[in-house]
Structure formats: structure tokens, C-alpha cells
Amino acid sequence: MNIRKIGSSNIDASVIGFGAWAIGGWMWGGTEEQSAINAIHTAFDNGVNLIDTAPMYGYGRSEEIISKAIKGKRQKIVLATKCGLVWDTADWPPGKGELHFYSDNDTIVKENKNTYRVYKYLRPESIRHEVEQSLKRLNTDYIDLLQTHWQESTTPLDDTIEELIHLKKVGKIRAIGCSNVNLEQLKTYIKSNQLDVAQERFSLLDQNIIKDGLLDTCEKSNVSIFAYSPLANGLLTGKLTPKREFGKGDLRNSNARFDPENIRNINKKLEQLKPIVQAHNLTIGQLVIAWTASKYNKMHVLCGMRNPKQAAENSKAGNITLANDEIKKIEETFAN
Numbered sequence: 031m032n033i034r035k036i037g038s039s040n041i042d043a044s045v046i047g048f049g050a051w052a053i054g055g056w057m058w059g060g061t062e063e064q065s066a067i068n069a070i071h072t073a074f075d076n077g078v079n080l081i082d083t084a085p086m087y088g089y090g091r092s093e094e095i096i097s098k099a100i101k102g103k104r105q106k107i108v109l110a111t112k113c114g115l116v117w118d119t120a121d122w123p124p125g126k127g128e129l130h131f132y133s134d135n136d137t138i139v140k141e142n143k144n145t146y147r148v149y150k151y152l153r154p155e156s157i158r159h160e161v162e163q164s165l166k167r168l169n170t171d172y173i174d175l176l177q178t179h180w181q182e183s184t185t186p187l188d189d190t191i192e193e194l195i196h197l198k199k200v201g202k203i204r205a206i207g208c209s210n211v212n213l214e215q216l217k218t219y220i221k222s223n224q225l226d227v228a229q230e231r232f233s234l235l236d237q238n239i240i241k242d243g244l245l246d247t248c249e250k251s252n253v254s255i256f257a258y259s260p261l262a263n264g265l266l267t268g269k270l271t272p273k274r275e276f277g278k279g280d281l282r283n284s285n286a287r288f289d290p291e292n293i294r295n296i297n298k299k300l301e302q303l304k305p306i307v308q309a310h311n312l313t314i315g316q317l318v319i320a321w322t323a324s325k326y327n328k329m330h331v332l333c334g335m336r337n338p339k340q341a342a343e344n345s346k347a348g349n350i351t352l353a354n355d356e357i358k359k360i361e362e363t364f365a366n
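Be aware that the sequence shown starts at 31, since it is given in the numbering used here, and climbs by one per residue.
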């Protein structure tokens with residue numbers, strides 16, 4: 031497993047990260063706890079020490095499962111979570127920030143009496159509350175990396191950054207990250223000289239971080255990138271068929287990318303990569319992950335792993351080096 035330093039910190043993390051959204055169950059049709067725990071163990075055994083989660087992933091469920099999985103291994107794990115998405119609960123009714131969406135226990139829905147209101151909210155007092163709740167769920171006394179999950183306009187960004195720096199000074203967190211930012215917001219974080227990570231959607235199908243200048247800015251400032259959805263929610267694995275049906279609450283049910291015709295078109299492109307796959311004895315998914323990691327020497331690729339089989343397969347992409355002509359072929363295939 032290739033290891034890379036996170037930003038300017040002294041934290042060494044595996045190039046492949048365990049993306050823990052799916053194991054929370056929310057928007058993924060539920061979760062099976064023991065399978066998720068076994069997946070984390072398998073990933074760890076294959077060199078993955080980076081785990082990325084968030085309170086919103088199953089309303090804390092993902093963090094709770096991770097806590098059970100890493101018991102006895104905490105010092106060997108780089109634990110990343112987030113703040114900035116809050117929902118109405120009996121002890122914490124925010125009603126502040128920007129209303130982001132309505133949700134039930136399964137997925138995003140239209141408002142009704144059984145829904146949660148989910149807000150983007152990054153006031154200092156809310157960040158402190160979220161961190162304490164995450165520490166309890168994760169059964170730890172520090173978080174290696176705290177990232178702002180989504181940005182919002184009701185809180186001055188400088189106030190948010192000041193609170194993150196304070197949490198770092200008092201030892202609650204070791205490093206600071208942001209997620210889902212525009213270029214202006216990224217530059218504001220970088221001005222603090224404390225930003226180590228920007229987590230953004232990045233894949234062969236999603237390359238806005240290049241077009242919008244985020245990748246270039248991170249490279250110039252020694253900021254790591256955590257790439258989420260590198261396999262486009264499974265679309266880039268080559269394993270989906272046009273007849274695939276997704277379970278209740280699965281986010282792919284309402285995503286046009288997963289229409290039968292588009293799945294068919296993507297699979298045709300993936301088929302053209304078979305010579306490279308065979309040359310390295312890889313799966314399609316492993317090749318796509320390796321391509322993602324190749325785009326920046328401080329890139330970490332967050333892969334969803336819901337069971338041991340997925341964990342073993344995705345982890346093995348962490349020590350693959352692609353030749354320049356192979357990278358060019360992959361990019362040309364998806365440029366059309």
C-alpha cells in the first residue's frame with residue numbers, strides 16, 4: 031500500500047481510504063453491521079489505515095460501526111470525519127444555517143411530518159457540539175482530520191476557520207480539511223496556513239476540480255485531495271448491467287447516470303480499457319482507482335466498501351503504478 035503525507039501535517043495515510051458513507055445505510059438501502067465491520071478489518075489487513083466518515087452517514091450510524099471495528103486499533107488508524115450538516119433532534123434542534131434538504135431514515139425526500147430537516151451550519155458553537163457527539167460515537171478522545179462537510183453563507187468563513195484552529199490547538203483534532211468548496215472558499219481556507227485536505231468529488235466522469243482550478247491550487251499549496259465517488263457510485267466498476275435494479279432508498283434510483291442506456295454506454299468505454307486491465311492483472315474498478323490516485327502525488331482515493339470482498343479488491347489498487355501512455359489511453363477513452 032502506498033502511503034502519503036496528509037497536507038503539511040505529520041500524518042501518514044494510505045493512498046486508498048475506506049469511504050464509510052455506504053456502511054451508514056442512509057441513501058444506500060440500509061446496512062449490515064457485521065459485514066461492514068468485517069470490511070473495515072479486511073481493508074486494514076490490506077494496508078488501509080485511512081477511514082473517512084461523517085455524522086450524516088446514517089445519522090451517526092457509520093461512526094458507531096467504525097468505533098466497533100477499530101477497537102484495539104485506534105492508534106493505527108487515521109480517522110477523518112466531518113462537521114457542518116446538522117439535523118433536527120430532541121437535544122439539538124438547529125433551525126439555523128441553510129436548509130439543505132429533507133430526509134427520512136432512508137434517503138432524501140419531500141417534506142412531510144416524518145422527515146428530518148437537514149441544515150448546512152458551521153457556526154463555532156455548532157461545530158463544537160458536533161465534534162463532541164462524534165467523539166462519543168467514535169469512542170475516541172481525538173479526531174485525526176476534521177472536515178467541513180458543506181459550505182454555507184450564514185456564517186463568516188473566518189469564524190468557522192478560527193474554531194477549527196482552536197479545536198486543533200486544544201487537541202480535539204490533528205488536522206483541518208474542507209469539502210465541497212468553490213475556488214474562492216478554498217483560497218480562504220488556504221490563507222489560514224492550516225488547511226491540509228480538500229475533499230471533492232473526482233472521477234473519470236467528474237473532473238470539475240481540474241476545470242475549476244481546485245486541483246492546481248491544492249498542488250501549489252501542498253494541500254492533499256481526498257477524492258470521493260471515484261467509481262461514480264459503482265458505475266465505473268464495469269459490474270453494473272442495464273437491467274440492474276436498486277433497492278429502496280438507494281440514491282441510484284433517481285440518478286439519470288444509472289439509466290440503462292447510460293450504463294450500457296459507460297460499459298462500452300470500460301471495455302476498451304481491457305488491454306491495460308489484463309496487462310496489470312487488475313479488475314476494471316482497480317484500474318479506475320489507480321488512475322484517480324495517479325492524478326496528484328497527494329491524492330487519496332476514498333472507496334466505498336460494504337463487505338470484505340469489496341474491501342479486498344479496492345485496497346489492492348493502492349500499490350499500482352500506471353505508465354504515462356496508459357493514463358493517456360484511459361483519459362482519451364472517456365474524453366469522447
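C-beta atoms are modelled at their ideal positions from N, C-alpha and C, and glycine is treated no differently.
Boundaries (first-last residue) of the alpha helix (DSSP H) holding residue i
| i | result |
| --- | --- |
| K112 | Taken as a continuous stretch (DSSP letters only), K112 belongs to no alpha helix (DSSP H), being part of the beta strand (DSSP E) at 108-113. |
| L216 | 213-221 |
| F232 | Note, F232: premise wrong, no alpha helix (DSSP H); not H, not E. |
| V307 | 304-310 |
Check whether residue i and residue j have beta carbons under 7 angstroms apart
| i | j | result |
| --- | --- | --- |
| L300 | I314 | yes |
| R91 | G55 | yes |
| S254 | K359 | no |
| L244 | L216 | yes |
| M335 | A99 | no |
| L265 | R287 | yes |
| F232 | A257 | yes |
| D242 | L270 | no |
| R158 | D118 | no |
| R104 | T190 | no |
| L43 | I36 | What sits at residue 43 in the sequence shown is Ala, not Leu. Cβ distance < 7 angstroms, so A43 and I36 count as in contact. |
Reference residue i; option with closest CA among the options
| i | options | result |
| --- | --- | --- |
| E362 | L303, G59, A309 | L303 |
| E94 | A73, F74, Q64 | Q64 |
| E356 | N337, K325, G348 | K325 |
| K126 | N144, E141, T184 | T184 |
| A84 | A73, G264, S97 | S97 |
| I70 | N337, N354, K346 | N337 |
| G88 | G102, A99, N68, T61 | T61 |
| P186 | L152, P305, L168, I195 | L152 |
| A309 | A353, S156, A365, K140 | A353 |
| S39 | R104, D174, D242 | D174 |
| S259 | R104, N344, N144, Y172 | N344 |
| K101 | L168, E155, N76, K339 | L168 |
| A341 | H330, Q316, T351 | Q316 |
| A66 | A365, K339, F364 | K339 |
| S155 | N311, T218, N144, L197 | Checking the sequence shown, residue 155 turns out to be Glu, not Ser. For the residues N311, T218, N144, L197, the minimum Cα distance to E155 belongs to L197. |
| D188 | T218, L281, N68 | T218 |
| H179 | N285, I41, H130, N297 | H130 |
| V307 | N68, T145, Y172, T351 | T351 |
| G268 | N144, Q237, N285, L312 | L312 |
Close beta carbons around residue i, own chain, < 7 angstroms, minus the five adjacent residues each side
| i | result |
| --- | --- |
| Q177 | A110, K112, G207, C208, S209, V227, Q229 |
| E128 | Y149, K150, E182, S183, T184 |
Continuous beta strand (DSSP E) stretch holding residue i: start and end
| i | result |
| --- | --- |
| L265 | No beta strand (DSSP E) holds L265; DSSP gives it neither H nor E. |
| G207 | 203-209 |
| G315 | Where G315 is concerned, there is no enclosing beta strand (DSSP E), although the alpha helix (DSSP H) it sits in stretches over 314-324. |
Beta-carbon contacts of residue i that lie in its chain and below 8 angstroms, excluding the five residues immediately before and after
| i | result |
| --- | --- |
| E160 | P85, C113, G114, V116 |
| R294 | P272 |
Sequence-distant residues of its chain with Cβ nearer than 6 angstroms to residue i (five each side left out)
| i | result |
| --- | --- |
| G279 | G59, D136, T137 |
| N32 | V45, G348, N349 |
| P290 | P272 |
| L194 | I206 |
| I239 | E230, F232, L245 |
| K140 | none |
| A120 | Residue placement at A120 cannot be trusted, given a pLDDT of 49 that sits under 50; what the coordinates show is reported in the next sentence. If we look at A120 and ignore the five residues flanking it on each side, it has no Cβ neighbours. |
Touching or not, the segment 160-168 and the segment 207-226, by the rule of three or more beta carbon pairs under 8 angstroms?
no
If you pair each beta-carbon of the segment 310-321 with each one of the segment 47-54, do three or more pairs fall below 8 angstroms?
no
For the segment 101-110 against the segment 72-91, do three or more pairs of beta-carbon atoms, one drawn from each stretch, fall closer than 8 angstroms, so that the two count as touching?
yes
How about the segment 191-208 and the segment 134-143: do they share at least three Cβ pairs that are nearer than 8 angstroms?
no
Is the number of C-beta pairs between the segment 238-254 and the segment 269-276 that are closer than 8 angstroms three or more?
no
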